[in-house]
Each structure stands twice: as C-alpha cells, then as structure tokens.
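What follows is one structure encoded as structure tokens, with my remarks underneath.
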Amino acid sequence: MFHMMALSCVRGRYGFLLRFRGFATAGNVTPNRREPADNMPVFQYVGEHRKPKEKVFVWGFSCTGALGIPSFVVPDSGRKKPRRYQLTPYRLDTEQKISSSACGYGFTLLASNTKDLTKVWGMGLNKDSQLGFQRTQHDRSKSYDYVLEPSPVSLPLARPQETRILQVSCGRAHSLVLTDSEGVFSMGNNAYGQCGRKIVEDEVYSGSHLVHKIEGFDSRVVQVGEYRRAVAGRSLVACGQDHSLFLTETGSVYACGWGADGQTGLGHHNKTALPVPVLGDLAGVRIQQVTTYGDCSLAVSTDGQLFGWGNSEYLQLASVTEATQISSPRLLPLKAVGKVVQAACGGTQVAVLNEEGEVFVWGYGILGKGPNLSESEIPEKVPATLFGRSEFNPTVKVSQIRCGLTNFAAITDRGELFVWGKNVRGCLGIGKRDDQYFPWRVTVPGHVVDVACGVDHMVALVKSII
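Be aware that the sequence shown starts at 0, since it is given in numbering that gives the first Met the number 0, and climbs by one per residue.
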C-alpha cells in the first residue's frame with residue numbers, strides 16, 4: 000500500500016510549494032499577437048543574455064515513489080492507470096535550486112546549497128527511515144514507508160541558518176549527508192554499522208527519528224575549500240550497498256559497515272560500526288576521490304593512480320588478484336590508461352576517466368562496446384566517437400562518469416549525457432525498455448551538470464535557458 004504525502008501539508012509547514020510538471024516544448028516558445036499585414040505568427044525566442052535555469056529531471060521506475068511524481072503512483076483524475084515506468088526524462092519542478100542528488104535502492108535524496116532551514120528532500124522507499132522520519136498526515140507518531148513527492152528531511156544542525164549541504168549519498172537502505180561545517184550525518188539501516196554508529200541488535204528502523212552525526216575522524220571530512228577546488232563529480236562521501244566511505248581534507252579515507260567482501264578495506268571481513276582509517280596501499284597516499292555502490296570500492300589519488308578493494312567476483316580487481324575479494328586496498332596497475340582523474344564502480348562493472356577525457360571500462364555486464372564484449376579484466380577504451388566526437392566536433396571530451404548498479408553514465412564537456420548498460424525498468428531514459436550496448440545520448444533540454452544513477456532510476460541536474 001502506497002501512502003501519499005499531502006501537498007498542502009508540505010506547503011503549510013515549510014512555507015514553499017513544490018510543483019510537478021512534465022517536460023513539454025509547446026510552452027517554451029511564446030507567440031506574440033499576429034501582425035495584421037501578413038497574418039503570420041511572430042515568435043519570441045529566448046534572449047542570448049537570459050540566465051540559465053537549474054532544473055531537475057527524473058526517469059525510470061516510479062512505483063517506489065523515487066521519482067517524486069505522485070500521480071505516477073496514485074493516478075489523478077486524468078489518468079486511470081499508474082505510470083510504472085517513465086522512459087524519458089521528466090521535469091521535477093522545485094522552487095529551490097538543487098545542487099546534489101543521489102539515488103539509493105528505490106529512493107532519492109536531493110540537496111540544496113542554501114542557508115534556508117530546509118536543505119534536504121527525500122522521496123521513495125523509506126521503510127528503514129533512510130529519508131528520515133516522514134510524519135504521516137493522520138497520525139503524527141507514525142512515519143510513511145513510501146514518500147511519493149520530495150519531502151523535507153530534518154537534520155539536527157547546530158547552526159541551521161548558516162550550515163550548507165555539500166553532498167548527499169545513498170546506499171541500499173542508508174543515506175549520508177555531508178555539510179560544510181558540521182560534519183557528516185547518517186540515516187537509515189545500521190545493521191552492519193554503515194551509519195557509523197554502534198550496532199543495536201534487533202533495532203527497529205521503520206519510523207525512526209534517529210539522524211546520527213558521525214564522529215571519529217582525525218580531520219574534517221572534505222569541506223568547503225577542497226570541495227570548490229575539486230573537479231565536479233568527485234565523491235567525498237560514498238555509500239556502498241551496506242558500507243560507507245569518507246574522504247578527509249588530508250586525503251585520508253575512512254570506512255565503516257559491512258565487510259564480508261572486504262569492501263571496507265580494513266584488512267578483515269567483519270562488520271565495523273565506527274569509521275576506521277583505510278590503509279593498505281593507501282598508506283601515505285593523498286586521495287582525491289572515493290567511489291562505491293555495490294561491494295567493490297575504488298579510490299583515486301591526486302597523482303592519478305587507482306586503488307581498489309572489496310568484491311572482485313566480476314574481475315573488477317583482476318589486475319592484482321585471482322581471488323574473488325580483497326580486504327585491503329591495492330594499487331591497480333592500469334596499462335595505457337594514463338592519469339586517472341575520476342572513477343566509478345557499480346555492482347559488477349568499473350569505469351575510469353583519464354585527464355584526456357577518455358573513458359575506460361572493465362568488469363562484467365554491458366560495458367559499452369557492443370554485445371560481444373560482456374567481460375574484461377583489463378581496461379577497454381570506449382571510442383570517443385561514441386560520445387559525439389567527429390570531424391565537426393573534434394574536441395569533445397567526457398568530463399564526468401557515473402555507475403548505477405548495472406549501468407553507466409557519462410557527461411561531456413558540452414553538457415551532453417550518454418548512458419549504456421542494463422536498462423532495468425527503463426532506468427536509462429532512452430525512450431524504450433531495451434538494454435543499451437553502446438553509449439546513447441539522453442534527450443534533455445539543456446546542459447547536464449550532474450547525474451545520479453541508481454538500481455532502476457536516475458536523476459539529472461540540468462542548466463537550461465528554456
């Protein structure tokens with residue numbers, strides 16, 4: 000049974016209204032009055048000095064509420080059947096500029112880099128309170144298990160009118176929120192210590208009010224100055240399936256949570272409830288990005304080297320081991336890849352981006368070079384022509400890469416979004432349910448600034464002049 004948050008309740012408590020509408024081109028061009036001379040319509044086009052607007056687009060599986068469009072789950076009077084799959088980008092119109100987004104396993108977090116009291120919104124599955132306590136309309140002591148529209152997430156901030164949110168990250172059933180001056184907060188399931196707090200046996204997560212401020216770092220988790228200098232898209236906190244990674248301002252990595260596959264990188268396979276420094280080959284190395292989504296973890300150093308640990312059942316770490324898992328970070332010797340500036344890993348696949356804007360992939364699944372390549376233990380270069388490079392556009396480069404559980408996404412320096420991989424429940428946004436074996440451009444009106452990939456849905460942050 001899905002429950003629907005009342006729009007009037009959101010407006011009444013927080014003083015602003017979240018509106019929803021689909022993307023349509025008809026309203027983007029406004030005709031003036033017709034000239035009597037030739038009786039022809041005159042169109043007023045967007046001016047060249049018009050400032051870009053920040054917009055949010057969502058697509059994929061809607062039944063969990065993760066897309067934030069209530070009418071997809073509970074149809075309004077104009078539509079009799081729910082829309083289970085949104086196969087193309089759909090506009091989620093918010094009054095606030097969204098600066099960070101994350102897709103969990105059936106839920107979504109949105110954050111705004113604002114000093115307003117409301118800074119984070121959640122939507123989708125909330126059975127483990129991964130979206131915080133979402134008070135029901137009829138009983139203030141109960142929380143919704145499903146949240147169908149972006150609803151404010153309350154954080155226990157000491158200075159709510161000063162503190163800003165830098166990044167959000169989502170795992171299977173837990174969430175992390177990074178602030179600029181008050182550290183990291185966690186919500187949701189903590190059965191393995193992934194929220195960075197003591198594990199409580201038989202803890203009930205549904206309807207929990209607990210939002211935990213994580214302690215135990217020897218220096219701050221990367222904050223304002225480092226964040227602004229970082230290349231867009233580098234993770235500072237990262238949720239795996241049931242573990243968490245943190246990058247501090249000194250370039251050190253911390254981890255907590257489920258370690259059965261070695262994904263915490265702490266040299267053992269146990270659960271870890273509090274953040275612990277990750278050493279191994281990372282010892283003495285300054286790290287600039289951490290990334291994970293399943294049970295494999297990666298880190299990129301400031302000098303462009305790649306380190307990996309955790310699950311290697313799908314050849315993610317085959318360059319250093321024949322085993323199915325590694326419990327301590329290892330330097331991955333990547334031949335002919337060059338200096339790595341960004342990495343992404345999903346459930347079975349890995350991607351890296353080098354300083355030349357080239358993408359390399361390996362692991363298992365649909366890797367982006369056609370149906371004949373489904374497994375590789377060495378990096379395979381995805382041809383630049385598949386990202387739009389041609390004799391007419393000879394300088395196109397990829398600037399960001401992402402992985403969902405079984406899919407990839409890449410953003411070019413021209414703001415174009417390309418996706419490929421398993422099209423689980425329409426999560427690729429390409430207008431069909433078929434898997435995509437080569438990078439395919441997603442039709443989005445504007446320049447894509449960032450994208451978040453999940454199991455079966457995606458969220459894109461877009462700058463548009465329309």
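For every residue, glycine included, the Cβ atom is placed at its ideal position computed from N, Cα and C.
Just so it is clear, the structure is predicted and the values come from calculations on it, not from any experiment.
Need the endpoints of the beta strand (DSSP E) that residue i sits in, please.
{"i": "proline 332", "result": "Segment: none, proline 332 is in no beta strand (DSSP E) and carries neither H nor E."}
{"i": "arginine 90", "result": "84–91"}
{"i": "arginine 401", "result": "397–402"}
{"i": "serine 463", "result": "456–463"}
{"i": "aspartate 449", "result": "446–452"}
{"i": "arginine 440", "result": "435–440"}
{"i": "glutamine 348", "result": "348–353"}
{"i": "phenylalanine 245", "result": "242–246"}
{"i": "glutamate 53", "result": "52–60"}
{"i": "cysteine 102", "result": "99–102"}
{"i": "isoleucine 410", "result": "406–411"}
{"i": "leucine 416", "result": "416–420"}
{"i": "threonine 107", "result": "106–110"}
{"i": "proline 378", "result": "374–381"}
Starting from the Cα of residue i, find the closest Cα among the options and give me that residue.
{"i": "phenylalanine 306", "options": "Gln341, Thr323 and Leu130", "result": "Gln341"}
{"i": "phenylalanine 60", "options": "Glu53, Gly67 and Arg83", "result": "Arg83"}
{"i": "aspartate 280", "options": "Ser251, Glu181 and Val336", "result": "Ser251"}
{"i": "glycine 261", "options": "Arg219, Leu244 and Thr249", "result": "Leu244"}
{"i": "arginine 413", "options": "Gly387, Asp434 and Phe407", "result": "Gly387"}
{"i": "glycine 403", "options": "Leu330, Val461, Cys295 and Ser318", "result": "Cys295"}
{"i": "serine 326", "options": "Cys255, Val236 and Glu148", "result": "Cys255"}
{"i": "aspartate 115", "options": "Lys212, Gly356 and Ile97", "result": "Ile97"}
{"i": "valine 119", "options": "Gly264, Lys126 and Ala110", "result": "Ala110"}
{"i": "valine 146", "options": "Gly123, Val397, Val152 and Glu390", "result": "Gly123"}
{"i": "asparagine 189", "options": "Ser180, His173 and Gly362", "result": "His173"}
{"i": "glutamate 161", "options": "Glu321, Thr117 and Lys334", "result": "Thr117"}
{"i": "threonine 93", "options": "Leu66, Tyr104 and Asp138", "result": "Leu66"}
{"i": "alanine 335", "options": "Ser168, Glu357, Gly445 and Val55", "result": "Glu357"}
{"i": "lysine 466", "options": "Val277, Gly258, Gly264 and Pro276", "result": "Absent from the model: residue 466. The displayed extent of the chain is 0 to 465, so no value can be given."}
{"i": "valine 397", "options": "Asp449, Gly430 and Pro378", "result": "Asp449"}
{"i": "leucine 352", "options": "Val339, Gly345 and Cys344", "result": "Val339"}
{"i": "valine 441", "options": "Ala409, Val423 and Asp455", "result": "Ala409"}
{"i": "threonine 411", "options": "Leu246, Gly345 and Glu355", "result": "Glu355"}
{"i": "aspartate 302", "options": "Gly283, Val447 and Ala101", "result": "Gly283"}
{"i": "glycine 182", "options": "Trp58, Gly215 and Ser207", "result": "Gly215"}
{"i": "serine 218", "options": "Ser70, Ala298, Thr247 and Ala383", "result": "Thr247"}
{"i": "glutamine 240", "options": "Cys194, Ser205, Trp308 and Arg171", "result": "Arg171"}
{"i": "phenylalanine 407", "options": "Gly445, Val443 and Thr347", "result": "Thr347"}
How would you call residue i, buried or exposed, if buried means at least 16 neighbouring beta carbons within 10 angstroms?
{"i": "arginine 32", "result": "Bear in mind that a pLDDT of 41 at arginine 32, under 50, signals an unreliable position, so the number given afterwards is only what the model happens to contain. Exposed, because fewer than 16 other Cβ atoms sit within 10 Å of the Cβ of arginine 32."}
{"i": "arginine 90", "result": "buried"}
{"i": "proline 274", "result": "buried"}
{"i": "glutamate 225", "result": "The pLDDT assigned to glutamate 225 is 42, lower than 50, so where the model puts this residue is not dependable; a value taken from the coordinates is nonetheless given after this. With 16 or more Cβ atoms within 10 Å of its Cβ, glutamate 225 is classed as buried."}
{"i": "threonine 249", "result": "exposed"}
{"i": "glutamine 166", "result": "buried"}
{"i": "serine 463", "result": "buried"}
{"i": "aspartate 201", "result": "exposed"}
{"i": "proline 332", "result": "exposed"}
{"i": "proline 393", "result": "exposed"}
{"i": "aspartate 179", "result": "buried"}
{"i": "alanine 322", "result": "exposed"}
{"i": "isoleucine 68", "result": "buried"}
{"i": "tyrosine 292", "result": "buried"}
{"i": "glutamate 148", "result": "buried"}
{"i": "asparagine 371", "result": "exposed"}
{"i": "histidine 456", "result": "buried"}
{"i": "serine 470", "result": "Any property of residue 470 remains undetermined from this structure, which presents the chain solely from 0 to 465."}
{"i": "phenylalanine 56", "result": "buried"}
{"i": "alanine 231", "result": "Below a pLDDT of 50, predicted positions are generally treated as unreliable, and alanine 231, at 42, falls in that range; the measurement from the model is reported next regardless. Alanine 231 should be labelled exposed."}
{"i": "aspartate 137", "result": "Aspartate is not the amino acid found at residue 137; the sequence shown has histidine there. Exposed: under 16 other Cβ atoms inside 10 Å."}
{"i": "histidine 242", "result": "buried"}
{"i": "proline 88", "result": "buried"}
{"i": "glycine 369", "result": "exposed"}
Quick check on the DSSP output: the alpha helix (DSSP H) that includes residue i runs from which residue to which?
{"i": "valine 72", "result": "69–72"}
Between residue i and residue j, how many whole angstroms is the CB-CB distance? I'm expecting something under 8 Å.
{"i": "isoleucine 400", "j": "alanine 350", "result": "5 Å"}
{"i": "threonine 113", "j": "arginine 163", "result": "7 Å"}
{"i": "lysine 421", "j": "glycine 364", "result": "7 Å"}
{"i": "glutamine 287", "j": "serine 300", "result": "7 Å"}
{"i": "glycine 131", "j": "valine 236", "result": "Not really, about 17 Å apart at Cβ, beyond 8 Å."}
{"i": "leucine 86", "j": "glycine 428", "result": "7 Å"}
{"i": "cysteine 238", "j": "serine 140", "result": "Going by Cβ atoms, the distance from cysteine 238 to serine 140 rounds to 29 Å, so no, they are not a contact pair."}
{"i": "leucine 154", "j": "phenylalanine 106", "result": "In fact, because the Cβ distance is near 17 Å, the residues do not count as touching under 8 Å."}
{"i": "glycine 103", "j": "glycine 425", "result": "Actually they do not touch by this definition, with Cβ atoms about 18 Å apart."}
{"i": "methionine 186", "j": "serine 100", "result": "Contact doesn't hold; Cβ gap of about 16 Å is too wide."}
{"i": "valine 418", "j": "tryptophan 439", "result": "6 Å"}
{"i": "arginine 329", "j": "tryptophan 361", "result": "So it is not a contact: roughly 15 Å between Cβ atoms."}
Length at least 3, wholly inside the stretch 135–207: the beta strand (DSSP E) runs in chain order: Counting whole runs of 3 or more residues, the stretch 135–207 contains the beta strand (DSSP E) stretches 145–151, 164–169, 173–178 and 183–187.
Whole beta strand (DSSP E) elements within the stretch 267–346, 3-residue minimum: As far as the stretch 267–346 is concerned, its whole beta strand (DSSP E) runs of at least 3 residues are 271–276, 286–291, 295–300, 305–310, 324–330 and 339–344.
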